[in-house]
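The sequence shown stops at residue 806 when you use the working numbering, and every number in between is there.
Think of the CB as a built atom: it goes at the ideal place given N, C-alpha and C, for glycine as much as any other residue.
This report concerns only the one structure given below.
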Amino acid sequence: MRKPLSQGWTLRPASGGPVIDAAVPGCVHTDLLAAGRIPDPYLDGNEADLAWIGRTDWCYATVFDWEPDGHDHVDLVCEGLDTIATIELNGTIVGETHNMHRTYRFEVRELLRVGVNTLIVTFASALDHVEKARAELGDRPHVNRFPYNYLRKMACNFGWDWGPELVTAGIWRPIALESWSTARLAAVRPLASVQKAGVAVHLDVRRSGATVDDHLLVAVRVGDTVSQSTLPEGVHSTVVEVAVDNPRLWWPRGHGAQPLYPVRVELIGAQGVIDTWVGEIGFRTVEVRSEPDELGTSFTLVVNGKPIFARGVNWIPDDCFPHRVDEHRYRDRLTQACDAGVNLVRVWGGGIYESEDFYGLCDRMGLLVWQDFLFACAAYPEEQPLYDEVAAEAREAITRLCPHPSLAVWNGGNECASGYHNWGWQERLGELSWGLGYYLDLLPKLLSELDPTRPYTPHSPWSMSPDVDPDDPDHGSMHIWDVWNHRDYLAYREHIPRFAAEFGFQGPPRWSTLVRAVHDEPLTPRSPHMLAHQKAEDGAGKLEARLAEHFPPPLTVEDWHWATQLNQARALTVGIEHFRSWAPRCAGTIVWQLNDCWPVTSWAVIDGDGGRKPAWYALRNAYADRLLTVQPRGADLALVAVNDSDRDWTASVHVRRMSFDGDVLDDLLVDVDAAARQTVTTVLPAGLVDAQRPESELLVADAADVRATWFYRPDRLLSLPAPRFDVEAVPVPTGYLLTVTAETLLRDLAVLADRVAGDAEVSDMLTTLLPGEKTSFLVRTSAELDPARLLDPMVLRCANQLGQRQ
């Protein structure tokens, strides 16, 4: 029997002060915000003004009524305490916690009173704790300002190069009383096996010391199939195997259906059912095929025996205050990922183990999940008490997540091995531990015990051997950050990774998101609060440097905004199309990143208000099932047809070299015959592709509704014409339809409709039209607008505008 303790909470500083109402689940920041005690941390420079919250100890308190319900045991179950907590019930300390990422259970039957009870949870400052722990355990490298690596807490809570420093405290997941007698199901791990066409359900049972039952019965139902087993007295765990006839296989999206089988586990005593667990499973096999070859070591995801090219995105917590992310918000984000052609989501190691809503949606949507254990960009102590906290946290996470068929890869952590080998950590650490024991010993041992059905990679990036540099492009997974940090995005073409697990390029959020959060007068790329919402090291400088490689200096903040958004979109297009053109040598890409946790200039394609940036449309185009792309191959240009579908693709591709005014200077029909899941490369003849006037010519390759373009110079060196077009905007039931007919070449035509209505979404973007061509954009919005507002040059945008100085 479960009694939620979600009502009647109050909050105050532990040292004394005003008492306010508190929400559970919740955190201090959102409680103070709801009470009107602080401004919105996401606006302007408020983040810095609220740093005191992370330096304060906080006290949550509630009173509740309790009456005996006939059970022998009552446990206080805390599913998420953030993070250094002391729990008191009726004046007695029940326990202390030091880990945001695990559940704690305390026996409290003897402390409960009939009638009114008082529960107090006091949170000590996480900042003070990590600084004290660093002094005790020895200084170890980490990124950003605070030593987050000394506490099992969401690392990005301490600030990241896209996230604010908002160090939280609070009861961030449910808290409840659970009463039981005889026994309870402490852990259930259903592991599906396709080879045996069955499910092994691993059960851990906690018995009451007062039980008089000689035996317990365990009944397991998978779909319509039932199996039973007895659990003799004194035995606390068992395995029940259930054979399922001809199970239908679960597939990643784009490769098949996602059938799920309901699972019900009942623990039965002398008086009937005493505990129940329900969930779902899917049948599939998954491996990372890592084999030596003439190039190095491959890294290919294989599901049900079929190689899968990973079209992935990295996922960060969708809010700095993750209790605010509910099933609806997860669904929105993951739907946006699916709509962009994504088939894999990597849950990054500086965040959290997401809720059941997240993984359940991935199961249903066919999104593979690459799950990091929660280590990121730091050297982690392996001493106690941290070691036992990591072990308990990992054991719980493995047990909770293993039923999900979407979960495809366990990964030890993010960039810690890179730091040790390539960031100068070895000299600083000396003999201090840095986490290798977690990645090569503890975590694989726990997975061997608890979930041997999935592949494990010790790190990202990882060369598949501790003896090879983890960043070696020819072995295993790779992160590519010379592009953006130091080099132009055209340098992506110098990398041919076996698997690109991280790469990305910055751009600002949508205009409506930006001006909602930043109110500088005047607003400039380097105005104070604009910089407060740019967390990357010299992020503003890097944006300017990367922009200067492609566009003339923007004259207005509106031009800067459009140009930097467009530059981000172009970078993703160049990188993804290049990597996909090298399939199967390159077997996957995971873009950094899908989402943001607040309004910020970052690498995300979905901004902090949930809006799609132009880069999202670039991602959708580059992740299309069928892709045509023009790629350099040595001194030549090649037409590459990527067919990542289950149907063969036969097409006659019309390749034209054209002048910007629409004249065909040369052309050729190229027959493409790309079998299912194959890539075909055709080197184009020099006579066709050699431009006479590269500043005013382009290549266009068309096959039915698939098009590729190639411009010979960056925009700043192109003679793009002043844009001329006819446009019509008319109301339709879901919003407004814009129809554009080009009179000149229009490069990367876009409708930035959120400048007119914040909720506006556009069906397409980044469309290049030749003279005389026509296209339509559907603007979906609930706002009633004068359609003429959508025709404003600040709304109807193209790359041509950025070179014009009228």
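Backbone CA spacing between residue i and residue j [nearest angstrom]
i              : j              : result
isoleucine 87  : valine 94      : 5 Å
arginine 487   : valine 751     : 29 Å
valine 212     : histidine 73   : Residue confidence is low: valine 212 scores 49 on pLDDT, short of 50, so the model does not pin down where it sits. Its coordinate-derived value is still stated next. Approximately 15 Å between the Cα atoms of the pair.
cysteine 320   : glycine 45     : 16 Å
valine 465     : histidine 29   : Contrary to the premise, residue 465 reads as serine rather than valine in this sequence. Spanning the two alpha carbons is a distance of roughly 43 Å.
valine 302     : threonine 285  : 8 Å
leucine 177    : threonine 118  : 13 Å
arginine 454   : alanine 397    : 14 Å
tryptophan 484 : glutamate 494  : 14 Å
valine 756     : lysine 542     : 29 Å
aspartate 715  : histidine 550  : 5 Å
arginine 437   : glycine 138    : Checking the displayed sequence, the identity of residue 437 turns out to be glycine instead of arginine. Their backbone Cα atoms lie some 17 Å apart in a straight line.
valine 347     : glycine 539    : 24 Å
serine 125     : glycine 16     : 15 Å
arginine 329   : glycine 507    : 23 Å
valine 167     : leucine 127    : 8 Å
proline 822    : leucine 699    : What is shown of the chain runs 1 to 806, which leaves residue 822 out entirely.
glutamate 327  : tryptophan 315 : 16 Å
tryptophan 423 : aspartate 467  : 17 Å
alanine 587    : glutamate 449  : 29 Å
aspartate 666  : glutamate 697  : 11 Å
valine 680     : valine 642     : 7 Å
tryptophan 66  : valine 114     : 6 Å
valine 226     : arginine 570   : 54 Å
aspartate 636  : alanine 703    : 21 Å
isoleucine 274 : histidine 519  : 58 Å
N-terminal and C-terminal residue of the beta strand (DSSP E) that residue i is part of
i              : result
arginine 656   : 649-659
glycine 269    : 261-269
glutamine 371  : 368-372
methionine 478 : 477-480
histidine 486  : Segment: none, histidine 486 is in no beta strand (DSSP E) and carries neither H nor E.
glutamate 327  : Unbroken run through glutamate 327 is the alpha helix (DSSP H), 327-339; no beta strand (DSSP E).
First through last residue of the alpha helix (DSSP H) which encompasses residue i
i            : result
arginine 807 : In this structure the chain extends from 1 to 806, so residue 807 is not present and cannot be described.
arginine 134 : 126-137
alanine 48   : 46-49
Helix, strand or coil at residue i according to DSSP, with G and I counted as helix
i              : result
methionine 530 : helix
serine 15      : coil
arginine 626   : strand
cysteine 402   : coil
cysteine 416   : helix
leucine 446    : helix
threonine 556  : coil
glutamine 801  : helix
valine 212     : Interpretation of valine 212 is limited by its pLDDT of 49, a score under 50 that renders its predicted location unreliable; the figure taken from the coordinates is listed afterwards. Of the three classes helix, strand and coil, the one that applies to valine 212 here is coil, per DSSP.
glutamine 426  : helix
histidine 459  : coil
glycine 282    : coil
isoleucine 308 : strand
tyrosine 380   : coil
tryptophan 825 : The first residue shown for the chain is 1 and the last is 806, placing residue 825 beyond what the model contains.
threonine 701  : Note that residue 701 is alanine in the sequence shown here, rather than threonine. The answer is strand: DSSP assigns alanine 701 an E or B state.
Closest Cα partner of residue i within the set the options
i              : options                        : result
glutamine 7    : Met1, Ala23, Thr739, Val19     : Ala23
threonine 297  : Phe551, Ala85, Pro470          : Pro470
serine 776     : Val732, Leu334, Ala569         : Val732
leucine 260    : His98, Asn414, Ala192, Arg428  : Ala192
tryptophan 710 : Pro553, Arg656, Pro68          : Arg656
aspartate 482  : Ser463, Ala618, Pro497, Phe503 : Phe503
methionine 365 : Pro381, Val347, Leu334         : Leu334
tryptophan 162 : Trp434, Asp293, Gly608, Leu684 : Gly608
asparagine 144 : Asn304, Phe158, Ala133         : Phe158
isoleucine 171 : Val121, Pro190, Ala548         : Val121
threonine 556  : Pro4, Arg526, Gly575           : Arg526
tyrosine 492   : Arg510, Pro509, Pro473         : Pro473
Check: residue i C-beta below 6 Å from any heavy atom of the ligand NAD
i             : result
aspartate 482 : As far as ligands go, the structure on display features none, and thus does not contain the ligand NAD.
Open item on the list: Does the contact criterion of 3 or more C-beta pairs under 8 Å hold for the segment 344-353 versus the segment 367-386?
Closed with: These segments touch.
Task: At least three beta-carbon pairs within less than 8 Å, the segment 145-162 to the segment 94-107 - done: yes
Task: Cβ pair count under 8 Å reaching 3, the segment 198-205 against the segment 255-275 - done: These segments touch.
TODO: Count the CB pairs spanning the segment 626-637 and the segment 776-786 that are closer than 8 Å, and state whether there are at least three.
DONE: Counting C-beta pairs closer than 8 Å gives fewer than three between the segment 626-637 and the segment 776-786, which falls short of the contact rule.
Open item on the list: Below 8 Å, how does it come out for the segment 660-673 and the segment 639-650: are there three or more Cβ pairs, yes or no?
Closed with: Verdict: yes, contact present.
Task: Meets three-Cβ-pair contact criterion under 8 Å: the segment 604-622 and the segment 574-586 - done: yes
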